[in-house]
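S.K.: Going letter by letter, the sequence shown gives residues 1150 to 1253 in our numbering. Yeah, the Cβ is synthetic: ideal placement off N, Cα and C, and Gly gets one too. Owing to the predicted nature of the structure, the values given are computational and were not obtained by experimental measurement.
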Amino acid sequence: MQQTAAPQRPVPAFLPINALMLQAVKKVEVVIQELGRRGFAVVGIDMSTPSRPTVQIQTSARCAQLIESGQAAYYGFGLGEIGRYREGQFCLDGCRVVWTENAN
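#1: Apart from the five residues just before and just after Gly1227, which ones in its own chain have a Cβ nearer than 6 Å to its Cβ?
#2: Assuming Leu1184 and Val1174 form a contact by the criterion Cβ under 8 Å, report the distance between their Cβ atoms to the nearest whole angstrom.
#3: Kindly identify the DSSP beta-bridge partner or partners of Phe1239.
#4: When you compare the stretch 1189-1203 with the stretch 1234-1249, are there three or more beta-carbon pairs, one atom per stretch, that lie closer than 8 Å?
#5: Quick one: what's got a C-beta closer than 6 Å to Phe1189's C-beta in the same chain, skipping five residues either side?
#6: With burial defined as no fewer than 16 other Cβ atoms inside 10 Å of the residue's Cβ, what is the status of Val1179: buried or exposed?
#7: Is Leu1164 helix, strand or coil when you go by DSSP?
This is how it looks when you write it as structure tokens:
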């Protein structure tokens, strides 16, 4: 007995969200390269908001320099399992760049 496949709905050749995600990926690629040139280590990416992806970097002395010069700002403070922490951020080429500092 031969089974026939149910007819499938046509899928658009290119969905609009795919175009947004591709733009975000290209943006993130440029930002990761620039962060590498500046000596930052990228440890994570959040693409849930494609219009402004978030790139997480490892905390370094350069982060404190960006805060002191006004090029970055702290946006979050808290108390977690390992103690107090604060979160910093700056914008680079349409991406949000963030890091977390643990205070001992």
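M.R.: In this structure, then:
#1: Looking up residue 1227 in the sequence shown gives position 78. Taken in chain order, the residues that qualify are Tyr1234.
#2: Position 35 of the sequence shown, counting from 1, holds the residue named residue 1184. Position 25 of the sequence shown, counting from 1, holds the residue named residue 1174. 15 Å between Cβ atoms; not a contact.
#3: On the sequence shown, position 90 is the one that residue 1239 refers to. In DSSP, Phe1239 forms a bridge with Val1246.
#4: yes
#5: Against the sequence shown, residue 1189 aligns to sequence position 40. Taken in chain order, the residues that qualify are Ile1206.
#6: For the purposes of this step, residue 1179 is identified with residue 30 of the sequence shown, where counting begins at 1. Its Cβ having fewer than 16 others within 10 Å, Val1179 is exposed.
#7: Position 15 of the sequence shown holds residue 1164. Residue state, collapsed to three classes: coil.
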